[in-house]
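*Asks:* Residue numbers (UniProt numbering): 1 to 108.
The C-beta atom is built at its ideal place from N, Cα and C for all residues, glycine as well.
Just so we're clear, the structure is a prediction, and the values are computed from it rather than from any experiment.
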């Protein structure tokens, strides 16, 4: 992210595009990994703590719900597809994280 910001201040459009691609790809990869880890962790935590995990003082249910909302709000399945398409085919990143038809680049 920092490189993308700094490259924007520079003079090289090629470096700017590369830095933006790197930031987009790395943030997507991070979100996919972290979302899965957090959801697995909270499931294991609820299993280990049993009924005490649902007490209002701990608010673990709220933590799980927030993690679930973030992971479903930013569609992980789509991000995984885009990451895979980039890694295997070097397909350009769409820079649109949504389900359904994405606007075409340069379309007006």
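Could you tell me if residue 82 is buried or exposed, where buried requires 16 or more neighbouring beta carbons within 10 angstroms of its beta carbon?
*Replies:* Under this definition residue 82 is a buried residue.
*Asks:* Under the rule that 16 or more other beta-carbon atoms within 10 Å means buried, what is residue 42, buried or exposed?
*Replies:* Classification for residue 42: buried.
*Asks:* Going by CA-CA distance only, name the one from 31, 10 and 24 that's closest to residue 93.
*Replies:* Of the candidates 31, 10 and 24, the one whose C-alpha sits nearest the C-alpha of residue 93 is 24.
*Asks:* Can you check whether the CB of residue 3 is closer than 8 Å to the CB of residue 28?
*Replies:* Going by C-beta atoms, residue 28 is not nearer than 8 Å to residue 3.
*Asks:* Should the region 33-41 be called in touch with the region 66-77, which here means at least 3 C-beta pairs below 8 Å?
*Replies:* Yes: at least three Cβ pairs fall under 8 Å.
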